[in-house]
Amino acid sequence: MATLGVNIDHIATIRQARLGVEPDPVDAAFICERAGADAITVHLREDRRHIQDRDVRILKDTIKTRLNLEMAATDEMQKIALEIKPYSCTLVPEKRQELTTEGGLDVVSNFEHLKKFIAPLVENGIIISLFIDPKKDQIQKSKEAGAQFIEFHTGKYAEVFNTPLEKEEFENLKSSTAYAHSIGLRINAGHGLNYNNVMPVAQIEHMEELNIGHSIVSKAVMVGLEQAVRDMKSLIS
Ligand code: PXP
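Residues 1 to 237 in our numbering are what the sequence shown lists, from first letter to last.
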């Protein structure tokens, strides 16, 4: 059975809407851990649209599970990772205009850069995961580049879930996981996973951790809204 990494970026997105202090991702991480999260994931984006540098520093010092820092393979992010030393770094592609991470890293085309980028992080004891599409050449190059983990982008699977294409996409995830394991990689997955489509992925043999953000925060709003309104109403009346 897979473990759960909760991505709390959306908590910071709400905070940044007012550039204030609430809701605090550090409080959110504490609640996620209390509920059983096995890891906390944050994406420090180049444009700092949600998570801020300070959040990463405080989370590193306060969480009791593992901090997984998602970041682009840039000099700025490498410097921050080497200073903060999260438990793991997941390298993701980043485009300024995208709403979220739109596809996997192209490890084949960026092989030399990634190999050089990864080495000092691994030497400093940080576990490296590459966020890739479930494709054989990307898996192979991830291993050669020095990553210990890969994270499969499950966006396509989520998109075709409950359509005739679901089976083929799921089988691809399954065979890609088996292949990655056979060459000595460890495997995580994430993106677009929700309460309907997560179970088959969690049951794939050798699937270690699922990183989930959007659907958990969306559900949190829905299960928490009633109480929030009741509390405000009782103060006012
Ligand atoms: N894994 C990675 C590498 C991501 O970039 C994201 C989205 O930020 C996720 C997992 C979580 O995706 P979602 O928010 O759709 O659950």
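No residue lacks a Cβ here, since even glycine has one placed at the ideal position from N, Cα and C.
- ILE63 carries a coil assignment under DSSP once its states are collapsed to helix, strand and coil.
- The ligand PXP never approaches VAL201 closely enough for any of its heavy atoms to be under 7 Å from the residue's Cβ.
- Listed as beta-bridge partners of GLU70 by DSSP are HIS43 and THR90.
- Under the three-state reduction of DSSP output, HIS214 falls in the helix class.
- The three-state reading of DSSP puts ILE204 in coil, since its state is none of H, G, I, E or B.
- The beta-carbon separation of GLY104 and LYS143, rounded to 15 Å, does not stay under the 8 Å limit for a contact.
- Checking the 7 Å criterion, the Cβ of ASP9 is within range of a heavy atom belonging to the ligand PXP.
- If you check the C-beta of THR101 against the ligand PXP, you find a heavy atom less than 7 Å away.
- Apart from the 5 residues on each side of it in sequence, ILE84 sits with its Cβ closer than 8 Å to the Cβ of VAL56, ARG57, LYS60 and LEU69 in its chain, given in chain order.
- In terms of Cβ geometry, THR3 and HIS50 do not form a close pair [threshold 8 Å].
- Note on HIS113: under 16 other CB atoms within 10 angstroms of its CB, so exposed under the neighbour-count rule.
- Per DSSP, reduced to three states, the secondary structure at SER129 is strand.
- Between the alpha carbons of ILE132 and ILE8 lies a gap of roughly 21 Å.
- Between LEU130 and ILE150 a beta carbon distance of about 5 Å is seen, short of the 8 Å cut, so the two are scored as contacting.
- With a threshold of 7 Å, the Cβ atom of VAL92 counts as near the ligand PXP, since some heavy atom of the ligand is closer than that.
- Taking a C-beta distance under 8 Å as the contact criterion, ILE216 and VAL6 qualify as a contact pair.
- Short note on GLU208: C-beta not closer than 7 Å to any heavy atom of the ligand PXP.
- C-alpha of GLU208 to C-alpha of LEU67: approximately 16 Å in a straight line.
- Assignment of alpha helix (DSSP H) within the region 118-162, counting only whole runs of 4 or more residues, yields 136-145 and 155-160 in chain order.
- In the DSSP assignment, GLU209 forms a beta bridge with THR3 and ASN188.
- The straight-line gap separating the alpha-carbon atoms of ARG15 and PHE117 is approximately 32 Å.
- Nearest to PRO25 by alpha-carbon distance, out of LEU19, THR90, HIS10 and ALA37, is HIS10.
- Not one heavy atom of the ligand PXP lies closer than 7 Å to the C-beta of HIS113.
- Here LEU99 is exposed, its C-beta having fewer than 16 other C-beta atoms within 10 Å.
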